[in-house]
Every structure is written in structure tokens, then in C-alpha cells.
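Inspection log for the structure reproduced underneath, given as C-alpha cells.
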Amino acid sequence: MKLGFTQLLSFTLGLIGLVNALTITKDTFTSPLVSLQIGELNVNSGAYLAIYDSLAVGVAGSINIDGQLFVVSNSIATSFIQTLGDFINTGTVSFDARNGLLSSFQLAPGGNFQNLGFMWFGQKDVVSTPTTVTALLGSWENSGTMVFYSSALVLLSAVTLTALNSVENDGAICLINYFLPQSSAYTGIGCFNIGLNSDMTVLPSNPVLSFDNRLTIALSTPTSTFSAVSVSVNFLSNTVYKIRGFGNMNTISIDCGFTSINYDSLTGILTAYLVLWPLEIDFDIGTGYDSTKFVYGGLFIISNTIQYNGKVPAGGKIPGICSCPDFPLPPTKPSTSPTVTTTSYWTATTTGSTLITTGTDGTNTLVIEVPKSVTSTTTTWGNSFTSETTATGSTTNTVIVEVPSSTHTTTSYWTETTTGSTLITTGRWHQHSCDRGSKECHLYYHHLG
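In mature numbering (1 follows the signal peptide of the UniProt record, and there is no 0), the protein residues as written are -21 to -1, 1 to 428.
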């Protein structure tokens, strides 16, 4: 199915939509559905597909987004699940259930996952199914921006990023009230931005669950936490975790505990000496830190967390690649009662005059400014859709105004009113004659000034 014009798309098989393949070429909305099942989804550049308040959206094929995809829930539970094919986004994808109830977003393409654009995943502060972005049999690549947001304050929402080989992040992955446990090897030169009340946990470094030294971990708020679980180093590993934004009492957590730390002001390396001697773990936090402001249990006291009671120095600032944009506003659903607007143009011996005819409920209103020297004006209303003005004398002008063809009898009374900078002059229109055959009514304007 190919949709080539702006429309309200309504699949009606008992509120269940079944489509083998869907290609969106121009802006398209769907009406609320219990279920929308698509074989393959393509949204072309310059177009968007907006899916509002559908309980379950399933795609059993590839998803290619060059334009924009919005899945919005404002009141009900919603889910979006992909099970087969590739997922490729070079545009904008927004899964927004921040105002909904239960939500579940599962991207599990059987082939490749590739994001070169912008993606948002938003959930409300209730227990929801963990968000998953998984490449079961292909590559997993992000060189754009992915934002995971939840309004949860007690129980964090979880996101799982899993690949057959490795999760390659050359862009930004942002967490807000989210928990990200490592479940695959992480590679790339991008950034993990650990935001408000969020936690990223890395597992023991090994050939299967390695962590690339070039990746940046940004602790962007005072409530951000980076956790190293069960000795995230071993004798064969030389992993150094590059952390930026460490300060303002955010947290580096080491679950097995450590007894002391050392900060090298020349290299910016913070070393924690673990309880499991002689193991240690290194963090590249940047230069410029004051060693007296590190907060932990103390020498020979087993601690699990390190904090810094001070501002982030210049050497530890978060780079621009870690930026996390706000959710985009979804398109506004088109009204089923369109506004009627017509315009008339007045030309006479005066300047700065404005004539506007506006209707919001099917009734036209004439706003007109005329010279005081004009004592009478004849106006013809007809079935005309091209506004024009003719002059019949030095003090009398005829104006053809665009009006509905069903108009035959009209009487309007005017009082002096100012609307913005537009003047409606004192006077009144009074019907003089009406020819139903020609659909023209002749009215006279009498100036009362």
C-alpha cells in the first residue's frame, strides 16, 4: 500500500489494521486502533507517519525511515514491536508514551539495526516492559542520537542493547531515569550520557563483554551513576573507563569494594585499589581535580563509591557529542471541520486600508475601512473565487468579494471597533436587491460619520 497524499488513514477490520507493506510518501495520520499489523514500513524523506493511541503496533518486516515516524500514546497502554528484517533510520523516530499508561518498545530486527538520525523512547512513571533494541543476526550501529526517557522516580525503567557481535556507538545514547546494564561488547568512539537518576552498569571485561577505551561515559547530573560490577577488570584486561562530568557528588560505584584511591594530576587517571588485591580499576576522569575533594570511605576502609565534592574542572567537561535533545513535538491531528478564510482587497483614494473576510464557522465577516468622502458604495456579492476591484466613479467603488455561492440575502450592521491594527468603520450594509438567477446581491453602504 502506498499513500501519496495527506490524509487520515483508517484501517477498519474490527479496529484491526492489516497491511502487507506500507510506504508513506506524504504526511499521514492513523486513527486509534486496537491493533495495527504491518509487513514492512517505509517513510519517505519529507513525509511523516503519526500513529496515535493504538494499543499494539507490530511490524513483521523491515523498517526504513527517511522521513519521520511518531508513535504517540496519550491515555492508553501501547506497544511497538518489530520482529523481522532490518531497522534503518536516517530521519526522526519518536516513541512517545510519556502521557500514556503501560508501554513497551521492542526493536528486534532479524537483520541489522542502524540509526543515523534521531530516536526517542519515552515512558511514564509506571512499571513498563524493558525497552529493547536488539540486532539478532546482524550488525548494531548508532552514529546518531538515541534518547531513553522515563518519568519514573522509584523504580527505574530498563533498556537492553544487544547484538550478535557488538553494540557499536559512534553517536550519543542518553539515559534519563533509566538503567542500562551491559549485555554485549560495546565499541565505538561515541558517548553514553548518564542523565538524571540514571545508572549504567558494566560487567567484567572479557573477550565477550569488552568495553572500548575510546567510548565516553558522561555523568551529566548530580544523580548520575556509573557502576562497575564484579571486578570489571582482570589480569588480561587494560580497560580504562573514560568518564567526563565527574563532580557535583555524582557517583562512580564499584560493587566489590576498594580500600584506597590515587589521582594522577598529569594524566587525569583515577585508580581504585580493590579489595581483591592486587586488582585495580582505572578511570580517565580528566585533569584539574583537587585530590582533597574526593569523597570515599577512607584509607584502609572498604568503600563502594567515589564522589567529588566540587564542580567539574575544565579538563573533565562533557564533550558536545554527548548532547541529548528534547523530544520533538508530534504533528497536530488535522481538524475534521476546516477553517474557511477568504480575503477581499479594497482600493480607493486612501492608503493603508485593510479588507479581510474571515470565517471560522462557515459565516463570513467583512472588515473594511473606507474614505470618509465616500457617501455610498455599491458592493456586489457573487459566486466569485477571484477577488478584484473596479471603480465606477470618483466617489463610488464596486468590490467583488469571495463568498459562498449559496449566499442570497445578507444584512450586516457595523459599529466602530478596533481589532489589532484593523479599523472597522461606522456604518451599515443594507440589502437593496437580489437576483437569485445570477446569484448576485446588490448592497449599499451608508457612511454615518
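Note that beta-carbon positions come from the ideal geometry of N, C-alpha and C, so glycine has one too.
Residue environment, residue i, which counts as buried when at least 16 other CB atoms sit within 10 Å
i, result
"ASN223", "Here residue 223 is Arg; the residue named in the question, Asn, does not match the sequence. Under this definition ARG223 is a buried residue."
"ALA(-1)", "exposed"
"SER54", "exposed"
"LYS351", "No answer about LYS351 holds up, because its pLDDT of 42 lies below 50 and its placement is not dependable."
"THR305", "Reading the sequence as shown, one finds Asp at residue 305 and not Thr. Counting Cβ neighbours within 10 Å, ASP305 comes out exposed, since fewer than 16 surround it."
"PRO88", "buried"
"GLY79", "buried"
"MET228", "exposed"
"THR371", "Low confidence applies here, because THR371 scores a pLDDT of 38, under 50, leaving its location unreliable; read the following figure in that light. It counts as exposed."
"LEU278", "exposed"
"residue 439", "This structure gives no information on residue 439, because the portion of the chain shown stretches from -21 to 428."
"VAL146", "buried"
"THR57", "buried"
"SER270", "exposed"
"SER136", "buried"
Rounded separation between residue i and residue j - CA only
i, j, result
"CYS301", "LEU182", "22 Å"
"VAL13", "VAL50", "14 Å"
"VAL263", "LEU95", "Here residue 263 is Asp; the residue named in the question, Val, does not match the sequence. So the two alpha carbons sit approximately 28 Å from each other."
"ASP149", "CYS170", "7 Å"
"LEU143", "VAL112", "12 Å"
"LEU334", "GLY46", "Unreliable positioning characterises LEU334 in this predicted model, as indicated by a pLDDT of 38, which lies under 50. A coordinate reading is not provided."
"SER33", "GLN85", "15 Å"
"GLU259", "THR246", "17 Å"
"SER118", "TYR128", "24 Å"
"PHE205", "ILE173", "8 Å"
"LEU116", "GLY299", "32 Å"
"ASP75", "GLN102", "7 Å"
"LEU20", "GLY40", "7 Å"
"TYR268", "LEU308", "40 Å"
"ALA327", "LYS5", "With a pLDDT of only 35 at ALA327, under 50, the local geometry of the prediction cannot be trusted, and no value is derived from it."
"GLY236", "TYR165", "24 Å"
"SER177", "SER10", "35 Å"
"THR284", "ILE233", "6 Å"
"LEU15", "CYS153", "29 Å"
"GLY289", "THR139", "33 Å"
"TYR31", "ILE17", "15 Å"
"VAL274", "ASN68", "43 Å"
"ARG193", "LYS312", "44 Å"
"GLY167", "ASN217", "17 Å"
"VAL187", "ALA35", "35 Å"
"TYR287", "PHE158", "22 Å"
"PRO109", "THR62", "16 Å"
"LEU48", "PHE100", "12 Å"
"ARG77", "ALA151", "21 Å"
"ASP243", "ASP261", "11 Å"
"SER130", "GLN161", "22 Å"
"ALA207", "THR250", "13 Å"
"ASP191", "ILE297", "18 Å"
"LYS272", "THR266", "14 Å"
"CYS303", "VAL219", "24 Å"
"ALA114", "ILE248", "34 Å"
"PHE92", "LEU175", "27 Å"
Cβ distance (whole Å) where residue i is taken to contact residue j below 8 Å
i, j, result
"SER52", "SER73", "No, SER52 and SER73 are not in contact; Cβ-Cβ is about 11 Å, not under 8 Å."
"PRO310", "TYR27", "6 Å"
"ASN23", "ILE3", "6 Å"
"ILE281", "THR238", "6 Å"
"LYS221", "ILE240", "Not really, about 17 Å apart at Cβ, beyond 8 Å."
"GLY37", "GLY64", "That belief does not hold up - the Cβ atoms of GLY37 and GLY64 are roughly 12 Å apart, past 8 Å."
"PHE8", "ALA29", "5 Å"
"GLY226", "GLY295", "7 Å"
"ILE44", "GLY25", "Wrong, their Cβ atoms sit about 12 Å apart, outside the cutoff."
"THR141", "SER163", "5 Å"
Three or more C-beta pairs below 8 Å linking the stretch 123 to 142 and the stretch 87 to 103: yes
Minimum length 3: unbroken beta strand (DSSP E) runs contained in the stretch 259 to 314: 259 to 263 and 282 to 287
Cβ contact check for the stretch 253 to 260 and the stretch 189 to 201: 3 or more pairs under 8 Å: Because the criterion of three Cβ pairs below 8 Å is not met, the stretch 253 to 260 and the stretch 189 to 201 do not touch.
3-residue-minimum beta strand (DSSP E) runs that sit fully inside the stretch 81 to 151, ordered along the chain: 82 to 86, 92 to 94, 97 to 102, 110 to 114, 119 to 121, 124 to 129, 136 to 142 and 145 to 148
Ordered list of beta strand (DSSP E) runs contained in the stretch 166 to 232, each at least 3 residues: Within the stretch 166 to 232, the complete beta strand (DSSP E) segments at least 3 residues long are 170 to 173, 178 to 181, 195 to 198, 204 to 207 and 219 to 223, listed from N- to C-terminus.
Length-filtered (4 minimum) alpha helix (DSSP H) runs lying within the stretch 19 to 85: Taken in chain order, no unbroken stretch of alpha helix (DSSP H) lies wholly in the stretch 19 to 85 with a span of 4 residues or more.
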